[in-house]
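Below: the structure, in structure tokens.
Residue numbers (my numbering): 177 to 900.
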């Protein structure tokens with residue numbers, strides 16, 4: 177279905193009228209939401225955010241066993257390293273250290289109604305003291321602190337913003353700085369522990385090499401003393417060339433043995449790190465880039481798993497995925513470690529081959545030096561072994577000293593750029609933004625309430641909808657009349673002859689007068705509705721008053737013997753209900769002259785309802801009612817029957833069948849559409865002549881044009897003409 181500009185305009189007008197109809201609901205909803213939201217906003221405790229800025233130092237991992245001249249080159253940290261540092265800062269160890277330095281302030285005890293009753297002596301209202309596990313409480317405090325801690329890496333830089341949220345601005349700044357200092361201390365402690373483990377291994381290895389050197393020297397000295405050798409260090413029994421060759425070969429052999437020992441030491445340390453699963457030591461001991469990257473990835477995954485386990489518990493699905501990634505990374509680390517070991521093993525094989533070659537060369541040189549005595553050659557061999565052991569010992573001793581010197585030069589992985597300062601303005605709540613959002617939500621809630629109220633309204637709210645739903649002419653639209661009492665409403669057409677309501681009733685009477693049969697026959701009109709309190713009795717009285725003022729002889733019959741409202745209206749409720757009325761004319765055959773009364777103000781006649789009938793109309797009573805109406809038509813030009821409601825009652829069907837025309841009254845926003853359709857079907861089934869529908873108590877904003885209403889000046893001018 178295509179929408180035209182006219183359809184859009186109609187929808188807009190209907191929506192505007194809906195807002196006018198429910199403007200009180202809209203205002204109350206908006207005020208309610210604003211009031212509640214404002215109270216909640218004012219009750220929110222302010223939270224302050226302090227931010228400290230740090231930079232990742234980016235020192236590359238170094239091999240503790242490598243000499244100073246062979247250190248790995250420093251590389252700038254990448255995004256992965258920055259993310260790893262951020263995850264390690266946002267850890268439970270750092271939170272525990274910060275809270276140990278700055279414990280959370282004690283919360284004031286909340287005294288509620290139950291506590292007051294307990295202090296008044298009502299023991300059963302006292303709280304039962306529950307033991308608190310300090311470890312559980314400490315974990316809750318750490319979780320709360322980690323929730324208030326935010327680590328934000330700045331894009332394309334190595335800078336991290338460490339933000340802490342707290343109710344006290346000074347404490348928030350102190351916590352942010354404490355996070356940096358404690359992480360620096362923890363990181364230095366970890367690096368120192370790694371260096372200490374390497375130093376301990378070097379110490380044990382150096383001690384073994386020193387003992388080997390001392391044993392070789394002692395063995396050579398013992399051999400010298402046992403054989404009484406002299407001039408063992410002068411080399412007089414061999415040629416100088418052979419001596420120099422033997423010395424050079426022995427020196428090269430010592431260096432080759434040193435490289436072999438260093439390669440063996442690196443292999444042993446790497447195997448030990450792989451056996452312990454220490455990824456950090458593997459990074460420190462290896463020069464392979466792939467192994468270093470794999471070990472860093474494993475450390476990051478393990479740190480992430482610890483945080484996820486602390487946050488979501490050990491059974492969370494995320495942990496299973498992380499476990500799988502950790503297992504895969506460990507397998508990759510093992511493979512890379514094996515590859516590194518293979519590389520070191522190749523170095524060992526090369527060094528061992530060189531040692532063997534040098535030993536063979538040395539043996540050949542010794543064979544060439546056959547001119548020297550056997551004991552002297554043996555002594556020199558022992559002395560050379562002692563010198564080789566000393567060289568290896570001094571090499572490891574130098575490495576141990578360098579490792580100890582590096583421990584004093586260690587630096588934390590992050591450096592402070594700017595300390596956190598106590599904020600002056602709270603970061604939460606932002607009352608300006610909350611106020612704007614609250615107003616928007618209140619307006620949306622008010623609009624939603626209006627639209628829902630209009631959508632779920634049982635009755636008709638638009639004249640266009642009424643015309644589209646009911647297949648009958650809309651005879652009149654009677655606007656709602658305000659009045660403090662029923663009598664004020666009843667006299668409205670008399671007191672306000674030029675109002676919209678009076679004009680609507682006057683138009684209705686004129687339309688019905690034009691429908692009178694040829695020959696000026698009187699008109700019997702039945703007025704009914706779906707339910708009570710829909711304005712049919714008031715409409716009947718207004719029509720009677722307007723028609724009587726026009727010179728017609730009018731009779732109003734109250735056919736609702738169960739309620740009987742006409743007599744109450746027309747006698748101000750002071751004379752009580754009469755003993756005779758319409759029901760008596762039908763059942764007991766009373767005379768019409770005994771029940772007819774006259775309204776002294778409007779001048780029309782009326783018949784009260786009479787006594788209540790407990791049975792349905794019999795055929796005799798129906799014939800009697802029909803004959804009575806025929807007789808009354810000889811005396812009156814307009815007979816209006818105020819029928820009872822149709823829902824649940826059947827009396828109105830009898831009167832509607834006997835009347836010349838039937839008007840169905842539909843109260844605005846009250847009578848349901850299904851009830852209207854059901855009543856109209858019942859009227860058509862009983863053979864009633866439906867003249868049309870009258871909408872009563874219609875609001876002024878229900879349609880674009882309801883009719884013309886004279887102003888005060890016009891009414892004063894018309895009143896002067898009436899007086900003349």
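All C-beta atoms, glycine included, are put in the ideal place defined by N, C-alpha and C.
Just so it is clear, the structure is predicted and the values come from calculations on it, not from any experiment.
- In this structure, residue 732 lies away from residue 789, with their beta-carbon atoms at least 9 Å apart.
- Within its own chain, the residues whose Cβ lies closer than 8 Å to the Cβ of residue 330, once the five positions on either side in sequence are excluded, are 336, 337, listed in chain order.
- Within the same chain, and ignoring the five residues on either side of residue 534 in sequence, the residues whose Cβ sits closer than 7 Å to its Cβ are 425, 428, 429, 432.
- Taking a contact as a CB-CB distance under 8 Å, the pair residue 602 and residue 222 counts as one, their CB atoms being some 4 Å apart.
- Assigned with DSSP and collapsed to three states, residue 282 falls in coil, not helix or strand.
- Separation of residue 574 and residue 437 (C-alpha to C-alpha, rounded to the nearest whole angstrom) is 14 Å.
- Annotated as proximal: residue 822 and residue 858, with beta-carbon spacing under 9 Å.
- Within the same chain, 484, 488 come within 7 Å of residue 494 by CB-CB distance, once the 5 residues on both sides are set aside.
- Between the alpha carbons of residue 508 and residue 490 lies a gap of roughly 25 Å.
- Of all alpha-carbon atoms in 841, 356, 185, the one lying nearest the alpha-carbon of residue 591 is that of 356.
- Checking the DSSP bridge columns, you'll see residue 230 partnered with 336, 592.
- DSSP, reduced to helix, strand and coil, places residue 324 within a helical segment of the structure shown.
- Contact check for residue 477 and residue 502: beta-carbon distance about 5 Å, within the 8 Å limit, so the pair qualifies.
- Residue pairing by DSSP places residue 329 opposite 336 in a beta bridge.
- Residue range 639–645 is occupied by the alpha helix (DSSP H) that includes residue 639.
- Between the segment 616–628 and the segment 189–202, the count of Cβ pairs shorter than 8 Å is three or higher; the stretches touch.
- Going by beta carbons, residue 658 and residue 724 fall outside the 9 Å limit.
- Here residue 194 has 626, 627, 630, 637 as same chain residues with Cβ atoms under 8 Å from its own Cβ, once five neighbours each way along the sequence are excluded.
- If the five residues before and after residue 422 are omitted, its C-beta is found closer than 6 Å to the C-beta atoms of 541, all from its own chain and listed in chain order.
- By the neighbour-count criterion, in which a residue is buried when 16 or more other Cβ atoms sit within 10 angstroms of its Cβ, residue 185 is exposed.
- Secondary structure at residue 487: helix, using DSSP grouped into helix, strand and coil.
- Residue 223 is bridged by DSSP to 604.
- Collapsing the DSSP output to three states places residue 675 in coil.
- For a cut-off of 8 Å, the C-beta gap from residue 228 to residue 348 is around 10 Å, too long to register as a contact.
- DSSP, read as helix, strand or coil, puts residue 840 in strand.
- When DSSP assignments are scanned along the segment 367–394, no uninterrupted stretch of alpha helix (DSSP H) that is 4 or more residues long falls wholly within it.
- In the same chain as residue 571, and ignoring 5 residues on each side of it, the C-beta atoms closer than 6 Å to its own belong to 434, in chain order.
- Taking residue 469 as reference, the option from 382, 667, 668, 255 with the minimal CA-CA separation is 255.
- Residue environment: residue 543 is assigned as exposed (fewer than 16 neighbouring CB atoms within 10 Å of its CB, all protein chains considered).
- Nearest to residue 317 by C-alpha distance, out of 350, 271, 353, is 271.
- Looking at the DSSP output, residue 700 shares a beta bridge with 815.
- In this structure, DSSP gives residue 598 a state outside helix and strand, which the three-state scheme calls coil.
- Taking 9 Å as the cut-off, the Cβ atoms of residue 839 and residue 700 do not count as close.
- The secondary-structure analysis by DSSP pairs residue 872 across a beta bridge with 843.
- In the pairwise beta carbon analysis, the segment 754–764 is classified as not touching the segment 709–719: fewer than three pairs are separated by under 8 Å.
- Judged by beta-carbon spacing, residue 587 lies beyond the 9 Å limit of residue 267, meaning their Cβ atoms are not closer than that value.
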